[in-house]
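*Asks:*
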Amino acid sequence: MSVSLVIVSILWKALATAAVIVAAGRLAQRAGPVLTSVLITLPVNAGPGFFFIALEQETPFIHAGALTAFSVTGAVLLFCTAWVHAARFGGFLLSLAAGLAAWTAWALATEALPATLPFAFAAAGTGALLAWLLRRRGIGRPTSAAAPAGWSFVMVRGAVAGLVVASVATASPWLGPVWSGFLLAFPTTLIASAWMLYGHYGREFTAATLNAAQPSLVVYASFCLALHFLAGPLPALTAVIVAFLGAAVFAACLALVLSRRRRA
64 MSVSLVIVSI LWKALATAAV IVAAGRLAQR AGPVLTSVLI TLPVNAGPGF
114 FFIALEQETP FIHAGALTAF SVTGAVLLFC TAWVHAARFG GFLLSLAAGL
164 AAWTAWALAT EALPATLPFA FAAAGTGALL AWLLRRRGIG RPTSAAAPAG
214 WSFVMVRGAV AGLVVASVAT ASPWLGPVWS GFLLAFPTTL IASAWMLYGH
264 YGREFTAATL NAAQPSLVVY ASFCLALHFL AGPLPALTAV IVAFLGAAVF
314 AACLALVLSR RRRA
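Going by this note's numbering, the sequence shown opens with residue 64, and the numbers climb by one from there.
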């Protein structure tokens, strides 16, 4: 593939991904902070990424990549835990460094395991247990800010996440299914969301949102697991679409439950 075709491929995938993230971001601003904690865990990073990969790769590639992405769920949870704890002692950069260190350590440990379903469950489950045991207590739920963030909130987030997703999808033939799954499981959307939340709402709101988002990561995990099982019985592209729609319905139900619990 020529350099010009690679650039065009990255750009159109980045724009398409950014459009999905911008739409989710605007909805989150209207929904309130509790629903925002659910919406930022939607697979708007892995979903479009696997969609674009499915346009060019066969079903076994998606099947293996989705299993890897699921196994890294524990690392994403530990990213949130480390971020929230670090927020007590410093600003954005300290929290980001702590979160990335936790994600990298657990992701590398996960990568060393055999790429099988039992080991994927073990990696995700053990990471989730550690995140729950180490989770910061007493932080409370995020409260509404005085004014919603403007379009810059979602535009910058969409652009950053879109470029990362597009780059991984375009490079997937060279990366292979395992590393494509790892990179799509990288908390790009969470980092971009935290960056924008921190700049507009402040440190505590950002930490509280990421803390509240941890239980909602079951939405992301369900997408990856469903895609792993569907890719094979269904064609690759169909499997991605069905898994993403299922995750969206699951997220809507979870958001409804959380909203009712908060009003109770």
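Note that beta-carbon positions come from the ideal geometry of N, C-alpha and C, so glycine has one too. Just so it is clear, the structure is predicted and the values come from calculations on it, not from any experiment.
(1) Whose C-beta lies closer than 7 Å to the C-beta of Ala328 among residues of the same chain, with five residues either side of it excluded?
(2) Measuring only the C-alpha atoms, how far is Pro111 from Gly128?
(3) Going by alpha carbons, who is nearest to Arg266 out of Gly137, Leu156, Leu74?
(4) Using CA coordinates, which residue listed in Ala275, Arg199, Thr301, Ala194 is at the minimum distance from Glu328?
(5) Here's the rule: buried if 16 or more other CB atoms are within 10 angstroms of the residue's CB, otherwise exposed. What is Trp146?
(6) For a test of the three-state rule: what should DSSP assign to Ala170, helix, strand or coil?
(7) As a quick exercise: from Phe115, Ala229, Ala183, Ala276, pick the residue whose alpha carbon is nearest that of Phe133.
(8) Judging by CA-CA distance, which residue of Ala109, Phe124, Leu163 is the nearest neighbour of Pro298?
(9) So, using beta-carbon positions, are Ala187 and Gly137 closer together than 7 Å?
(10) In angstroms, rounded to a whole number, what distance separates the CA positions of Gly225 and Ala311?
(11) My output table needs one value for Ala318: the three-state DSSP class, helix, strand or coil.
(12) Hey, Ala255 and Val223 are a contact pair by Cβ (cut 8 Å); roughly how many whole angstroms apart?
(13) If I follow the unbroken alpha helix (DSSP H) through Gly190, where does it start and stop?
(14) Suppose you measure from the CA of Leu140 to the CA of Thr251; what does that come to, to the nearest Å?
(15) Where does Leu156 fall in DSSP's three states?
(16) Residue range of the alpha helix (DSSP H) that Glu267 falls in?
(17) Under 8 Å by Cβ, that's how I've got Ala178 and Thr131 pegged, so tell me the actual separation to the nearest angstrom.
(18) Per the DSSP calculation, Ala294 is bridged to which residue(s)?
(19) Give the DSSP-derived three-state secondary structure of Pro123 in the structure shown.
(20) For the alpha helix (DSSP H) holding Pro250, just list the boundary residues, first then last.
*Replies:* Looking at the coordinates:
(1) As displayed, the chain neither begins before 64 nor continues past 327, which places residue 328 out of reach and without an answer.
(2) In the sequence shown, residue 111 corresponds to position 48, counting from 1. In the sequence shown, residue 128 corresponds to position 65, counting from 1. Taking the straight line from one Cα to the other gives about 13 Å.
(3) Residue mapping note: residue 266 aligns to position 203 of the sequence shown, counting from 1. Minimum Cα distance to Arg266 is reached at Leu156.
(4) In the structure displayed, the chain extends from 64 to 327; residue 328 sits before or after that span and is not available.
(5) For this step, residue 146 is matched to residue 83 along the sequence shown. Result: buried.
(6) Here residue 170 corresponds to residue number 107 of the sequence shown, with the count starting at 1. If DSSP states are grouped into helix, strand and coil, Ala170 belongs with the helices.
(7) Locating residue 133 in the sequence shown gives position 70, where the first residue counts as 1. When each option's Cα is compared against that of Phe133, the closest is Ala183.
(8) The sequence position of residue 298 within the sequence shown is 235, counting from 1. It is Phe124.
(9) Translated into the one-based positions of the sequence shown, residue 187 becomes position 124. Translated into the one-based positions of the sequence shown, residue 137 becomes position 74. Taking 7 Å as the Cβ cut-off, Ala187 and Gly137 qualify as a contacting pair.
(10) Numbered from its first residue, the sequence shown carries residue 225 at position 162. Numbered from its first residue, the sequence shown carries residue 311 at position 248. Their Cα atoms are separated by approximately 19 Å.
(11) Within the sequence shown, numbered from 1, the residue matching residue 318 stands at position 255. Here Ala318 sits in helix by DSSP.
(12) Sequence index remark: in the sequence shown, residue 255 carries index 192 (1-based). Sequence index remark: in the sequence shown, residue 223 carries index 160 (1-based). At roughly 5 Å, the Cβ-Cβ gap stays under 8 Å, so Ala255 and Val223 are in contact.
(13) In the sequence shown, the residue the question calls residue 190 occupies position 127. From DSSP, the alpha helix (DSSP H) with Gly190 extends over 180 to 197.
(14) As a position in the sequence shown, residue 140 is number 77, starting the count at 1. As a position in the sequence shown, residue 251 is number 188, starting the count at 1. Straight-line Cα distance between these residues: approximately 13 Å.
(15) Start at 1 with the first residue of the sequence shown, and residue 156 comes out as number 93. Correct three-state label for Leu156: helix.
(16) For the purposes of this step, residue 267 is taken as residue 204 along the sequence shown, with counting starting at 1. Run containing Glu267: 266 to 276, per the alpha helix (DSSP H) assignment.
(17) On the sequence shown, residue 178 is found 115 positions in, with the first residue counted as 1. On the sequence shown, residue 131 is found 68 positions in, with the first residue counted as 1. That pair is a contact at about 7 Å.
(18) By one-based count along the sequence shown, residue 294 stands at place 231. Answer is Leu297, bridged to Ala294.
(19) As a first step, residue 123 is located in the sequence shown; it is residue number 60 there, counting from the start. Pro123 falls in the helix class under three-state DSSP.
(20) The residue labelled residue 250 in the question sits at position 187 within the sequence shown. Careful: Pro250 lies outside any alpha helix (DSSP H) and carries neither H nor E.
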